[in-house]
Amino acid sequence: MKFIVQTLTQDIARAFKSIYDYDCPLENISFQSTKKEFEGTHTFVVFPYTKALGKKPAEIAEQIGQYLLQSNSNLKAYNVVQGFLNLSFKTQVWLNELSKMVKNNNFGNLPWHGEKIMVEYSSPNTNKPLHLGHLRNNFLGYSVSKILQAAGYDVIKSNVVNDRGIHICKSMLAYQQFGRNETPQEAGVKGDRLVGDYYVKYDQVFKEQVQTQKASLKAQNPSLTDEQLNEKAAKEAPIFLQAQKMLQEWEKGNPEVIALWQKMNGWVYEGFEQTYKTIGVSFDKFYYESETYLLGKDLIKQGLENNIFFQKSDGSVWIDLSQDGLDEKLVLRADGTSVYITQDLGTADLKFEQFGMNKSVYVVGNEQDYHFQVLFLILKKLGRAYAEGLFHLSYGMVELPSGRMKSREGTVVDADDLVHEMRQVAAERTAELGKIEDFSESERQDLYGQLALGALKYYLLRVDPKKKMMFNPEESIDFQGNTGVYLQYTHAKICAIIRKAQQLNIQLLRAENIEQLATVEIELLSLLAQYQGTVKEAAQSYSPALIANYGYELARLYSRFYAELSIFGETDDDKRALRVAISYKVGQVLKHALSLLGIESPERM
RNA sequence: GGACCCGUAGCUCAAUGGAUUAGAGCAUCUCACUACGGAUGAGAAGGUUGAAGGUUCGAGUCCUUCCGAGUUCACCA
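Residue numbers are given in the working numbering: position 477 of the first sequence equals residue 483, and the series is strictly consecutive.
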């Protein structure tokens, strides 16, 4: 199709030249897809040229249409609506196009171009289990990796695990005080859940202590405001002081603390591994902040020498970004220890040294927009060549009908629980329909997982990543309409058709003597031909939503095709074969698109 | 307060780099094949695209102001 559109583009330029003696650069000529109400698949908009040509839009469109019809042998007809020139291709063009697509088993994968890109995602804290917000992150990261791969990149999926810091010490401390050495096995829960429970426990105790502390502070300092009292009490809560102490011990390498840390992190990793496996995501490279948190200090020294940073009298190091519309930002504490951005600077260098990638994507929530703006800007100022290729894939928060999720208020939707519930719904619906009575138990279980995750992933990925989204539990378990299950169902239906076609021994690509295609057939072929462009666009904009929406549109159009036209009831052998071939290709593209979303395509369901 | 982001049908979302009559799904109502998978299809109803200006042949999209929601502005991560 690409080539055919190219010839059309050239012919339009020639038309401009020959009719109006107007030189139009090829890159200024482009097409839109024709709206459904009108005949044709490609539309050329002439409005932008009316000024230069001094003619009315409809007149220009008419003249160019005539010129094209004579000069371009692929063209069948044109029609003009105001300034819109709608073009239709000959049947043979579509038949050739279909034949090419069917023969191309690599359809949807763009040529490898040798650029390397790292996608960092997931990056969990090791103090609590994964929740719904992490799911959006993980699904996005995984899907973007797949899309980039399909678009011809070498992709490295990385995960920077936040396994150290005061928050980790909090759950350790609560476990130490209240845990009685219980193990996940003894407690009968996943390791990440157990550790998360102690993080919650810490918070309970902390809150109680703040209240007590506040009361005694108030008695001593009646003049303080409520806010001041809260702040002071929080800083003086015994358990908080203990947590701070523990962090210091951890940094000193106190064997007891380290041993506890290793034990508890080990539990969390086991839990995460299990969750990652069930939700179907994976990584090529793990970084641990406990190993990277000291990085970046050399960079600070360098920046000081080059006067990019400056030092205050207390020894702390800063960068002044006020020229760039931002603030002054601390990059190293007065005591010489790192802050968050210090290690991010160092880690950026480390990643680049190890992989030498051209681009690097950070899949991180939009709460950290400012942080990444600063991080990238500093790296540019430090003259890092790779800084140009850095991108923050900033995604919006997932909200519940009851509002934003808050771990402290217990409104968090746990990832494992959610997947479990979805599986049950999938099992119920499947049982109601009774189409897989001959499946073995393990085949059933596989199917439930595929449907559950298909529904969940599609639900979270179909929305533009940049936008915040609403997670409505009732809607998410809906398997009708614009859902992942709908795409899977359409694919499975097509598989049934292909099975039957094989039984009937129908050849996909026979010499087709077809004079005219049905409108819905042309629409389908045209949409299929757009798939590779969609993949490219999705890669450029890092947006799985484009793939999801394309897939839905394709499934919907196919469903209409299926309802309007009979396949096996068609008596003309050529037409019957054609419809099977179209079905086959639609099935393949659906499967490919779903795989880019990290969703599996069962052949029966 | 500064910065950033968002506001489209009752609800959830689409709408290429500006373009013909702003499209889907859910929910509501109606209809459909003793044909290939009804987890489906067709139709009805539902909109002053938060408001007001501006630029343009043309604005949901760009610019300005206002209103409303959110995020962020730690020697936390």
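We put the CB at the ideal spot given by N, CA and C, even for glycine. Just so we're clear, the structure is a prediction, and the values are computed from it rather than from any experiment.
Residue state for asparagine 85 is assigned as strand, using DSSP reduced to three classes. Sequence-distant Cβ neighbours of glycine 395 in its own chain, meaning closer than 7 Å and more than five residues away, are Asn364, Lys365 and Ser366. One Cα belongs to alanine 83, the other to serine 94, and the distance between them is close to 5 Å. In the DSSP assignment, phenylalanine 246 falls within the unbroken alpha helix (DSSP H) covering 244-258. Its Cα nearest to that of threonine 496, the residue Gly557 stands out among Pro479, Ala437 and Gly557.
Using a Cβ-Cβ distance cut-off of 8 Å, the segment 173-185 and the segment 113-133 are in contact, since at least three pairs of beta carbons, one from each stretch, lie closer than that value. Note that the C-beta distance between leucine 563 and leucine 530 is below 7 Å.
Between methionine 611 and leucine 453 the beta-carbon gap is near 6 Å, inside 8 Å, which marks them as a contact. Within the model, the alpha-carbon separation for isoleucine 573 versus isoleucine 528 is close to 16 Å. Bridge pairing for tyrosine 368: Glu126 and His398 [DSSP].
For secondary structure counted as the beta strand (DSSP E) over 3 or more consecutive residues, the segment 123-197 holds these complete runs in sequence order: 160-167. Annotation: leucine 14 to glycine 71 spans about 11 Å, alpha carbon to alpha carbon. Under the 10 Å beta carbon count, glycine 147 is surrounded by 16 or more other beta carbons and is classified as buried.
For serine 296, the enclosing alpha helix (DSSP H) has its first and last residue at 295-298. Threonine 49 carries a strand assignment under DSSP once its states are collapsed to helix, strand and coil. Between lysine 463 and phenylalanine 37, the CB-CB gap reaches or exceeds 7 Å. Among the bridge pairs identified by DSSP, phenylalanine 90 is matched with Val51 and Val87. Excluding residues up to 5 positions away in sequence, His137 and Met411 lie with their Cβ nearer than 6 Å to the Cβ of valine 418 in the same chain. For leucine 439, there is no enclosing beta strand (DSSP E); the enclosing alpha helix (DSSP H) has its first and last residue at 421-439. In this structure, the beta-carbon distance from threonine 97 to leucine 523 falls below 7 Å. In this structure, DSSP gives glutamate 65 a helical state, which the three-state scheme calls helix. Residue pairing from DSSP places serine 39 in a beta bridge opposite His48. Within the DSSP secondary-structure output, lysine 291 pairs in a beta bridge with Ser164.
DSSP lists Lys335 as the beta-bridge partner residues of isoleucine 325. Boundaries of the alpha helix (DSSP H) harbouring leucine 356: 346-361, taken from the DSSP string. Leucine 154 counts as buried, since at least 16 other C-beta atoms from the protein chains shown sit within 10 angstroms of its C-beta.
When the beta-carbon positions are compared, alanine 554 and arginine 468 come within less than 7 Å of each other. Between leucine 305 and the set Met476, Asp290, Tyr275 and Ile347, the nearest pair of CA atoms involves Ile347.
Taking a cut-off of 8 Å on C-beta distances, the segment 103-121 does not touch the segment 350-361, as fewer than three cross pairs fall below it. Between glycine 302 and leucine 351, the gap from beta carbon to beta carbon is short of 7 Å.
Taking the CA atoms as reference points, valine 380 sits about 14 Å from valine 370. In the three-state DSSP reduction, glutamine 317 falls in the strand class (E or B).
With contact defined as three or more Cβ pairs closer than 8 Å, the segment 338-346 and the segment 311-327 are in contact. Minimum Cα-Cα distance from isoleucine 483 among the listed residues Phe378, Val431, Asn313 and Gln308 corresponds to Val431. The shortest C-alpha to C-alpha distance from aspartate 420 to any of Phe22, Gly139 and Leu74 is the one to Gly139.
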